[in-house]
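So in this note's numbering, spot 37 of the sequence shown is number 366, and the numbers just go up one at a time.
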Amino acid sequence: MNLPEEFREIEKQANRGKRKNCNVIFGSKTIREILTALSDARDALHKKDCEIGDLLKEKKRLREENTRLIDCNPFCVEGCDDCETKKADEAELERLRGEG
Numbered sequence: 330m331n332l333p334e335e336f337r338e339i340e341k342q343a344n345r346g347k348r349k350n351c352n353v354i355f356g357s358k359t360i361r362e363i364l365t366a367l368s369d370a371r372d373a374l375h376k377k378d379c380e381i382g383d384l385l386k387e388k389k390r391l392r393e394e395n396t397r398l399i400d401c402n403p404f405c406v407e408g409c410d411d412c413e414t415k416k417a418d419e420a421e422l423e424r425l426r427g428e429g
């Protein structure tokens with residue numbers, strides 16, 4: 330596996346002074362195995378950060394949509410899509426409260 334540049338430098342420093350192609354061993358793990366695990370963990374954390382960012386954007390969008398539904402004109406025509414959606418959402422909320 331290719332290591333990121335900063336990890337390759339750490340590996341070089343750890344192996345400096347050793348025989349060529351010889352890895353420093355910590356317990357049963359070589360420095361490359363440890364650095365590979367660190368790189369994989371960093372990539373996984375970045376992926377989770379991106380997922381959290383996407384969820385926060387979706388939360389913001391839903392909050393804005395909810396505000397738009399609440400602010401619907403009370404004098405709108407019967408059957409307005411915004412009002413019908415709001416009524417359905419309120420009915421669902423009441424149903425959930427009854428189950429809780």
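All C-beta atoms in this analysis are idealised placements derived from N, C-alpha and C, irrespective of residue type, glycine included.
No experiment lies behind these values; they were computed from the predicted model shown.
Looking at Ser357, Ser368, Thr359 and Glu394, the one whose alpha-carbon comes closest to that of Asn331 is Ser368.
Remark: fewer than three beta-carbon pairs, one from each stretch, lie closer than 8 Å, so the region 373 to 393 and the region 334 to 343 are not flagged as touching. Rounded to the nearest whole angstrom, the C-alpha separation of Lys389 and Asp418 is 18 Å.
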